[in-house]
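All remarks here apply to the structure that follows.
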Amino acid sequence: MLSIKDLRASVDGKEILKGINLEIKPGEVHAIMGPNGSGKSTLSHVLSGRDGYEVTGGSVTYNGGDLFELEAHERARAGVFLAFQYPVEIPGVNNMYFLKAAVNAKREQEGKPEMDSMEFLTLVREKMGLLKMKPDFLHRNVNEGFSGGEKKRNEILQMAMLEPNLCLLDETDSGLDIDALQIVAEGVNALRSPERSFVVVTHYQRLLDYIVPDFVHVLAHGRIVKSGGRELALELEEKGYGWIEEQAA
Amino acid sequence: MSSTAQELDHLIGKEYKEGFVTDIEAETFDPGLDEDVIRRLSAIKQEPEWLLEWRLEAFRHWQTMVGPDWAKLDVPPIDYQALSYYSAPKSKKDGPKSLDEVDPKLLETYEKLGIPLEERAALAGVAVDAVFDSVSVATTFKDKLNEAGVIFCSFSEAVREHPELVRQYLGTVVPQGDNFFAALNSAVFSDGSFIYIPKGTRCPMELSTYFRINAANTGQFERTLIVADEGSYVSYLEGCTAPRRDENQLHAAVVELVALDNAQIKYSTVQNWYPGDENGKGGIYNFVTKRAECRGVNSKVSWTQVETGSAITWKYPSCVLKGDNSVGEFYSVALSTLKQQADTGTKMIHIGKNTSSTIISKGISAMRGSNAYRGLVKVTKGADNARNYTQCDSLLMGDRCAAHTFPYMEVANPTAQVEHEATTSKISDDQLFYCTSRGISEEDAVSMIVNGFCKEVIKELPMEFAVEAQKLLGVSLEGSVG
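So the protein lines, in turn, are chains A and B.
Here the first sequence stands for residues 361 to 609, numbered as in our numbering.
Here the second sequence stands for residues 5 to 486, numbered as in our numbering.
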């Protein structure tokens, strides 16, 4: 599904990613952990095509093609989804309108007809039920005045509607209380399937109690310094990041 | 950020699809302006003596005046002797009695602009007065309006058919010598629309005027007068376009609205004059005086404007709230992209008791556009319990555009409550990326964000116009973000 080889990227001339290697197969859940400033968010932004990052080396192959050949919106239509750490407010733009525009952009790409309003509404209501979202959610403006928990649930709702192949979750647990975290995690777990892969970027292992990963990677100073299974996250929880950073240095 | 700015520069491709020229034989005055020109103009229109005198008075006053220089605009000098003050398609010398007599080329022009004049093809529920250069070429649904007692015709026709009404109200809201451009207009105005809604009548359909400038080197000086008699209601829309030309063209209009006791006027504008190119070449100078007088008790006037065109816009649709409990509203979206300049806003003059006004202004600046909001809220001594709420929001795209806000308040009554809120924001990279990361193209994202920003104003427009305005905002911004 996704093959990252020796990926290097910089921001304003400063190298942040210094040679990342990662193989992700369909259906796998990979957690990327690491201290602040290790390059976790940069990795998810580079993969989703955000402006302002310069890829200086290496390659990323997505479903057999060069990911960097695609613009951000083309990646989204090809099934890459980024759940934001800080979802953005768009004043005056209706949540349902936004969601429908996104869904239909993807359908257009796939050569499918636009989803009509009834069909869309039925589908979105079903997904909202799953995430315990109130119906008025659809009629509010995109993320405007949403609580932290509502914003994150909105991200997962978008993910559920867009049915991506590759889901990048950037610090989805930040700013969530335990109840909201559970709801969000349930939403994510409901989307797990043999075809769909996840990259879960997180600082804390707490999220991984709910979204159980197949692999855990530790990112430090722009490189993956240690990889392991579920138990690595627990070890990190206990010992912190210091020992790994020392080992790597 | 810098990469975004470069792309902003790179992708300049604003499509002005109304920029075509209609090839039609016209009777056009030679350039130049003196009393003889005004006499000839008045004679062609078969005007009564009092109106000619009124024009000449305005002209003499105008000659003593200088153009305004206080706006945040860079206006190149205008040679008023180099302009022609009258141009009319030849076939329309005496005015066609019905659509069958209108030159097919003109019908075609309006068809192309999306304004079919044949009643069966026209938008149901909207009557249109089509003004082409200096004359009105057709007014639709006249019979239906006649039945309701509503007068909707070209200004010239009103002068001929309803001289007493015109004389009673003309210049009572915007006096001849009000300002430089109003004085010029009073001297040389050519055509426009006249509307009279009788007592207790709710106008059965939307009334609309479509202004088209076609001839080169010609000024358009439209004059519109709307009178809503006691207890009546009317919703009026105006649209404007012009061909793409390298020379600047002058459009100096005057619009006067009068609302008597318990009357309501809703006036909407979608202004899409040719804006010029990205280097500021060509485009319309839109110097317009629009004012409403809420003369009667409980009267109400709402101005809604979406201004996307013109090289320079100088325009302050205002309300004089004379009647007790009268209400004035101003909802505005002004977009300046390319090298456009806009200095626009409103004046709310509170005179009667318990008067209230609302001002919602949304300014959008992109590329090298400059946008200024200028507004006055004035509460006079006797205006007990006056209320005003003003909200001015500016949205910037890129880093070469500008937004300014000049709110003025003069309050002479201690019971007044005047509120002002202002914000300036940028379409952030975050917002754009958020949309693109959901598969929405950057152009669609910009259009979506801008329309969201303008929503409070767009929703004030009648349905057909709202859709039009949303599209126009999208098209106007096409290519302004890469």
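Ideal Cβ positions, reconstructed from N, Cα and C, are used throughout, including at glycine.
**Report entry** Spatial distance of B/ILE48 from B/ILE230 (CA atoms)
**Finding:** 24 Å
Query raised in the report: When you compare only the Cα positions, how much space is there between B/SER239 and B/MET209?
Result: 8 Å
Query raised in the report: What residues from chain A crowd round B/GLN474, counting only those whose CB sits closer than 7 Å?
Result: Those do not exist, as B/GLN474 stays about 12 Å from chain A at its closest Cβ, beyond 7 Å.
**Report entry** Alpha-carbon to alpha-carbon, A/ASN503 and B/ALA473
**Finding:** 25 Å
Requested in this report: Report back the beta-carbon spacing between A/PRO573 and A/ARG590 to the nearest angstrom; my notes put them in contact at under 8 Å.
Outcome: 6 Å
Query - For B/TRP307, the three-state DSSP class (helix, strand or coil) - result: strand
Query raised in the report: Which ranges does the beta strand (DSSP E) cover as unbroken runs of at least 3 residues, wholly within the region 129-166 of chain B, from first to last along the chain?
Result: 130-136, 139-143, 155-158
Query raised in the report: Where does the unbroken beta strand (DSSP E) through A/ASP328 begin, and where does it stop?
Result: No information on residue 328 of chain A is available, as it lies outside the stretch 361 to 609 that chain A covers here.
Query raised in the report: In the region 431-452 of chain B, which residues sit with their C-beta less than 9 Å from some C-beta in chain A, listed in chain order?
Result: SER432, ASP433, ASP434, GLN435, LEU436, PHE437, TYR438, CYS439, THR440, SER441, ARG442, GLY443, ILE444, SER445, GLU446, ASP448, ALA449, MET452
Query raised in the report: Going along chain A, which residues have a C-beta under 7 Å from B/PHE457?
Result: PRO451, GLY452
Query raised in the report: At which residues does the alpha helix (DSSP H) containing A/ASN455 begin and terminate?
Result: 455-469
Query raised in the report: Taking Cβ positions only, does A/ASP476 come closer than 8 Å to chain B?
Result: no
Query - Contact list for the region 572-604 of chain A against chain B, Cβ threshold 7 Å - result: none
Query raised in the report: Just to confirm, are B/CYS157 and B/PHE198 a CB contact at a threshold of 8 Å?
Result: yes
**Report entry** Nearest to A/LYS385 (by Cα), restricted to the options A/ILE538, A/PRO554, A/HIS577
**Finding:** A/PRO554
Requested in this report: Can you check DSSP and say which residues form a bridge with B/VAL337?
Outcome: B/VAL310, B/LYS366
Requested in this report: For A/ASP530, return the contacting residues in chain B, with the cut-off set at a CB-CB distance below 9 Å.
Outcome: Correct list: empty, because the minimum Cβ distance to chain B is about 11 Å.
Requested in this report: Would you mind reading off the limits of the beta strand (DSSP E) that contains B/THR65?
Outcome: The amino acid occupying residue 65 of chain B in the given sequence is His; Thr does not appear at that position. Per DSSP, B/HIS65 belongs to no beta strand (DSSP E); it is in the alpha helix (DSSP H), 53-67.
Query raised in the report: Are any of the Cβ atoms in chain B nearer than 8 Å to that of A/ARG666?
Result: The requested residue 666 of chain A is not part of the displayed model; chain A covers only 361 to 609.
**Report entry** Residue from B/ASN417, B/SER480, B/GLU105, B/ALA470 whose Cα sits closest to the Cα of B/GLU447
**Finding:** B/SER480
Query raised in the report: Does the count of Cβ pairs from the region 105-125 of chain B and the region 172-189 of chain B closer than 8 Å reach three?
Result: no
Requested in this report: Please classify B/ASP347: is it buried, with 16 or more other beta-carbons within 10 angstroms of its beta-carbon, or exposed?
Outcome: buried
Query raised in the report: Are the CB atoms of A/SER370 and A/THR416 nearer to each other than 8 Å?
Result: yes
Query raised in the report: Taking Cβ to Cβ, would you say A/VAL440 is nearer than 8 Å to A/LEU459?
Result: no
**Report entry** Close-in-space but distant-in-sequence residues of the same chain around A/LEU624 (CB under 6 Å, 5 per side omitted)
**Finding:** Any question about residue 624 of chain A goes unanswered here, given that chain A covers just 361 to 609.
Query raised in the report: Looking at A/ASN503 and the ligand ZN, is the gap between the Cβ and the nearest heavy atom below 7 Å?
Result: The model depicted lacks the ligand ZN and carries no ligand whatsoever.
Query - Cβ distance (whole Å) where B/THR245 is taken to contact B/TRP277 below 8 Å - result: 7 Å
Query raised in the report: In whole angstroms, what is the alpha-carbon distance linking B/PHE291 and B/GLY280?
Result: 16 Å
Query raised in the report: In the region 161-236 of chain B, which residue ranges form an unbroken beta strand (DSSP E) of at least 3 residues, counting only runs that do not cross its ends?
Result: 197-201, 210-216, 227-232
Query - Buried versus exposed, by CB contacts within 10 Å (16 or more), B/VAL471 - result: exposed
Query raised in the report: From which residue to which residue does the alpha helix (DSSP H) around A/THR562 run?
Result: First-last for A/THR562: 557-562, but that is the beta strand (DSSP E), not the alpha helix (DSSP H).
**Report entry** Pairwise C-alpha distance: B/THR384 and A/VAL544
**Finding:** 58 Å
Requested in this report: Select from the region 417-435 of chain A all residues with a C-beta closer than 9 Å to any C-beta belonging to chain B, and list them in chain order.
Outcome: GLU431, ALA432, HIS433, GLU434, ARG435
Report task. Answer yes or no: do B/SER272 and B/PHE469 have a C-beta to C-beta separation smaller than 8 Å? Result -> yes
Requested in this report: With distances taken Cα to Cα, identify the nearest neighbour of A/HIS499 among A/LEU481, A/GLU486, A/LEU491, A/LEU490.
Outcome: A/LEU481
Query raised in the report: With 8 Å set as the bound, which would you pick, yes or no: does the beta-carbon of B/LYS96 sit closer than that to a beta-carbon of chain A?
Result: At B/LYS96 the pLDDT is 46, less than 50, meaning the model places this residue with poor confidence and gives no usable figure here.
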